[in-house]
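Below: the structure, in structure tokens.
There are 2 protein chains.
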Amino acid sequence: MIKQYQEKPLRDLTFAIVGLGLIGGSYAKALRNLKVRKILGMDISHGIARACLNANMIDEVIEADGSNLKEADVIICSVYPEAIVGFVRQNVQNFAEGMLMTDATGVKGTMPHDIQALLPESCEFISGHPMAGRQGSGLGMSDAAIFNNSNYIIVPTEKNSPEAVRWLEEFAKALGCARSVKVSTEDHDKIIAYTSDLPHITAVALVNSASYNENTQYFIAGGFRDATRVADINPDLWSDLFLSNRANVIAEIENYQKQLERWKKAIENNDREALKEIMREAGPRRRQLY
Amino acid sequence: MIKQYQEKPLRDLTFAIVGLGLIGGSYAKALRNLKVRKILGMDISHGIARACLNANMIDEVIEADGSNLKEADVIICSVYPEAIVGFVRQNVQNFAEGMLMTDATGVKGTMPHDIQALLPESCEFISGHPMAGRQGSGLGMSDAAIFNNSNYIIVPTEKNSPEAVRWLEEFAKALGCARSVKVSTEDHDKIIAYTSDLPHITAVALVNSASYNENTQYFIAGGFRDATRVADINPDLWSDLFLSNRANVIAEIENYQKQLERWKKAIENNDREALKEIMREAGPRRRQLY
Numbered sequence: 556m557i558k559q560y561q562e563k564p565l566r567d568l569t570f571a572i573v574g575l576g577l578i579g580g581s582y583a584k585a586l587r588n589l590k591v592r593k594i595l596g597m598d599i600s601h602g603i604a605r606a607c608l609n610a611n612m613i614d615e616v617i618e619a620d621g622s623n624l625k626e627a628d629v630i631i632c633s634v635y636p637e638a639i640v641g642f643v644r645q646n647v648q649n650f651a652e653g654m655l656m657t658d659a660t661g662v663k664g665t666m667p668h669d670i671q672a673l674l675p676e677s678c679e680f681i682s683g684h685p686m687a688g689r690q691g692s693g694l695g696m697s698d699a700a701i702f703n704n705s706n707y708i709i710v711p712t713e714k715n716s717p718e719a720v721r722w723l724e725e726f727a728k729a730l731g732c733a734r735s736v737k738v739s740t741e742d743h744d745k746i747i748a749y750t751s752d753l754p755h756i757t758a759v760a761l762v763n764s765a766s767y768n769e770n771t772q773y774f775i776a777g778g779f780r781d782a783t784r785v786a787d788i789n790p791d792l793w794s795d796l797f798l799s800n801r802a803n804v805i806a807e808i809e810n811y812q813k814q815l816e817r818w819k820k821a822i823e824n825n826d827r828e829a830l831k832e833i834m835r836e837a838g839p840r841r842r843q844l845y
Numbered sequence: 556m557i558k559q560y561q562e563k564p565l566r567d568l569t570f571a572i573v574g575l576g577l578i579g580g581s582y583a584k585a586l587r588n589l590k591v592r593k594i595l596g597m598d599i600s601h602g603i604a605r606a607c608l609n610a611n612m613i614d615e616v617i618e619a620d621g622s623n624l625k626e627a628d629v630i631i632c633s634v635y636p637e638a639i640v641g642f643v644r645q646n647v648q649n650f651a652e653g654m655l656m657t658d659a660t661g662v663k664g665t666m667p668h669d670i671q672a673l674l675p676e677s678c679e680f681i682s683g684h685p686m687a688g689r690q691g692s693g694l695g696m697s698d699a700a701i702f703n704n705s706n707y708i709i710v711p712t713e714k715n716s717p718e719a720v721r722w723l724e725e726f727a728k729a730l731g732c733a734r735s736v737k738v739s740t741e742d743h744d745k746i747i748a749y750t751s752d753l754p755h756i757t758a759v760a761l762v763n764s765a766s767y768n769e770n771t772q773y774f775i776a777g778g779f780r781d782a783t784r785v786a787d788i789n790p791d792l793w794s795d796l797f798l799s800n801r802a803n804v805i806a807e808i809e810n811y812q813k814q815l816e817r818w819k820k821a822i823e824n825n826d827r828e829a830l831k832e833i834m835r836e837a838g839p840r841r842r843q844l845y
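Read top to bottom, the protein sequences are chains A and B.
Going by the working numbering, the first sequence wraps up at 845, each residue one higher than the last.
Going by the working numbering, the second sequence wraps up at 845, each residue one higher than the last.
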């Protein structure tokens, strides 16, 4: 049985994008730049899907009955984590033989296994996502450039073929990502709790401090501005992400709280050496993050 | 008695910069762009002062005996907070009549009053600093552009003349700052503990977490990168800043810890509504910070 995605170059493949928000819209724009054969798209809001069609971001809206999903060689699901399994259940009868499906979900849990179990033998689900995004939410914030120089995380399970993994690596490169890394689902969620969930929490916590007021804006510099850059996020999406990764996120908050206690103790004790040591530890770590 | 700084335009004034690190070096470069009459400079490291001279950032090194400080119409002190009073004590006999002195110190305490008390009648000290800076430290990181669109904080006391305040406002504008704001020394240190000290602490705490390892770099996106941008700071300078502002910094850490507890509780309780509420609170606040 022929798997189109393995046989043909990107420009000869048809893609379906499920969910046309910030990330889905960015995939659509990037795929258009790559001049792929055809882009199908759908969104829970039909108005958004129509807007993408009118803007020539997609070539066709996916039918309500899912019938034209058959054309898709590759399906990219960029919907809320909770919605992926539902989408697959509802549409699996419309998937083409040999289709490759992937997602852009920031928390994995058992989802990759759940979806693989629902797919017919000839189809494959390879989980992953770009470490990309930006403040705000929705189609209006989408941008093909979010992939540029980002990291693409691939989360294969023991069920995945080397071909699917390799394809996603190549696809990430084509999107403009600087590199791709492979990681297990368990490690993924643990790592992401630290590198993604936690900095969003610290940013929100900073602007939510009781010390914030209408004059804060006149007294900030780059430090505050940068530290709070991602404080303006989509509450619906992110409450999903945090709650689907609860244990890991709580562990990361606690690790972080220990560092704050270390700071507080050093300052309370007037311990200049301890403070310097804390900062000397951080410098080389930060310089490793390009 | 004539106060040169009040009578003459910037291009006819001689400036002395005391401390040629990141901030002092940036003043020197900005003053050169403004084509002021003459720039004198000194640094605790004579090699740094010579380097500035060789790079044409300054026109003359301040003599070890301070004798040529007499030429300065305006002196800008950009040394560690602890060092300013010492500099004034040692050099007050060399200050010209009508000289205006200012600083760039991130924490004020009683320093403005202390210095005003040391100065002769004809001289004036007006405290302030740009809300500007960047990662790293030292002359090599200095850049005239740090002032661009930044906020300039002016911290007058009851001793200051309206002329000195107005001059510093105009000077900030000439440097490229977007606006200047006036605040009392007490309010200054309290506000800065929140808008400057705290985000440096949160950035350092993030990279110092026990979860950081050599693979972290492959799993980060803009969120982590931005939130930790200022984690690489000068330990000597910043331990001074934190310890000179102890009570305020501790209060800010504690306010911040309350927000983290709020997050942790909402996640532990699986309280989706509370999480959304936290994020809904932060969005508009963040959007207020241009």
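The C-beta atom is built at its ideal place from N, Cα and C for all residues, glycine as well.
- In the DSSP assignment, M597 (chain B) forms a beta bridge with B:V573.
- Contacts with chain B (Cβ-Cβ distance below 7 angstroms) from the region 808 to 830 of chain A involve I808, N810, Y811, Q812, Q814, L815, W818, K819, I822, E823, N825, R827 and L830, listed in chain order.
- Considering only beta carbons, the part of the region 712 to 739 of chain A lying closer than 8 angstroms to chain B consists of R734, V736 and V738, in chain order.
- Counting along the chain, the unbroken alpha helix (DSSP H) around G777 (chain A) starts and ends at G777 to A782.
- The CB of Y635 (chain B) never comes closer than 9 angstroms to any CB in chain A; the least such distance is about 12 angstroms.
- For F774 (chain A), a Cβ of chain B is located within less than 8 angstroms of the residue's own Cβ.
- D742 (chain B) is positioned such that its CB atom lies no closer than 8 angstroms to that of N800 (chain B).
- For R840 (chain B), the closest alpha carbon among the candidates A:A837, A:V804, A:P839 and A:R784 is that of A:R784.
- Residue range M666 to L673 is occupied by the alpha helix (DSSP H) that includes D669 (chain A).
- Judged by DSSP secondary structure, S692 (chain A) falls outside any beta strand (DSSP E); it is assigned neither H nor E.
- When DSSP reads this structure, N706 (chain A) sits in a beta bridge with A:R734.
- When secondary structure is reduced to three states using DSSP, V762 (chain A) falls in the helix class.
- By the neighbour-count criterion, in which 16 or more other beta carbons inside 10 Å mark a residue as buried, L673 (chain A) falls on the exposed side.
- DSSP places V629 (chain B) inside the beta strand (DSSP E), whose first and last residues are V629 to C632.
- Counted as a single uninterrupted DSSP element, the beta strand (DSSP E) harbouring T657 (chain A) occupies residues L655 to D658.
- A check of alpha carbon separations from A687 (chain A) across B:N588, B:I630, B:T771 and B:A776 identifies B:A776 as the nearest.
- As the crow flies, the alpha-carbon of A604 (chain A) is around 21 angstroms from that of A700 (chain A).
- Taking R817 (chain A) as the centre and dropping the five residues before and after it, the same chain places the C-beta of I833 closer than 7 angstroms to its C-beta, in chain order.
- For N706 (chain B), the nearest CB of chain A lies under 8 angstroms from its own CB, placing it at the interface with that chain.
- S682 (chain B) is outside the set of residues whose beta carbon lies under 8 angstroms from a beta carbon in chain A.
- For F797 (chain B), the neighbours in chain A by C-beta distance under 8 angstroms run, in chain order, I822 and L830.
- Between P754 (chain B) and chain A, the shortest Cβ-Cβ separation is below 8 angstroms.
- For F642 (chain B), the enclosing alpha helix (DSSP H) has its first and last residue at P636 to N646.
- When B:S764, B:F650, B:V662 and B:D826 are compared, the shortest CA-CA separation from V804 (chain B) is found for B:V662.
- Around R734 (chain A), the same chain offers N706 as residues with beta carbons nearer than 7 angstroms, after the five sequence neighbours per side are excluded.
- Under the Cβ criterion of 8 angstroms, V762 (chain B) is counted among the residues facing chain A.
- Residues of the region 776 to 791 of chain B that bring their beta carbon within less than 9 angstroms of a beta carbon in chain A comprise A776, G777, G778, F779, R780, D781, A782, T783, R784, V785, A786, D787, I788, N789, P790 and D791, in sequence order.
- A contact between stretches requires three or more CB pairs, one per stretch, nearer than 8 angstroms, and the region 588 to 598 of chain A meets this requirement with the region 624 to 638 of chain A.
- Assignment of F680 (chain B) by DSSP, reduced to helix, strand and coil, places it in the strand class.
- If the five residues before and after I578 (chain A) are omitted, its C-beta is found closer than 6 angstroms to the C-beta atoms of S633 and A659, all from its own chain and listed in chain order.
- Ranked by Cα distance from R842 (chain B), the options A:E718, A:L844, A:N825 and A:D781 are led by A:D781.
- If you draw a 10 Å sphere on the C-beta of E679 (chain B), you find 16 or more other C-beta atoms in it, and that means buried.
- Contacts between M696 (chain A) and chain B, judged by CB atoms closer than 8 angstroms, are missing: the closest CB pair is about 13 angstroms apart.
- Of the candidates A:D795, A:N824, A:A837 and A:S794, the residue whose Cα lies closest to the Cα of Q814 (chain A) is A:A837.
- Using a CB distance cut-off of 8 angstroms, V759 (chain A) counts as an interface residue toward chain B.
- When secondary structure is reduced to three states using DSSP, V662 (chain A) falls in the coil class, being assigned neither helix nor strand.
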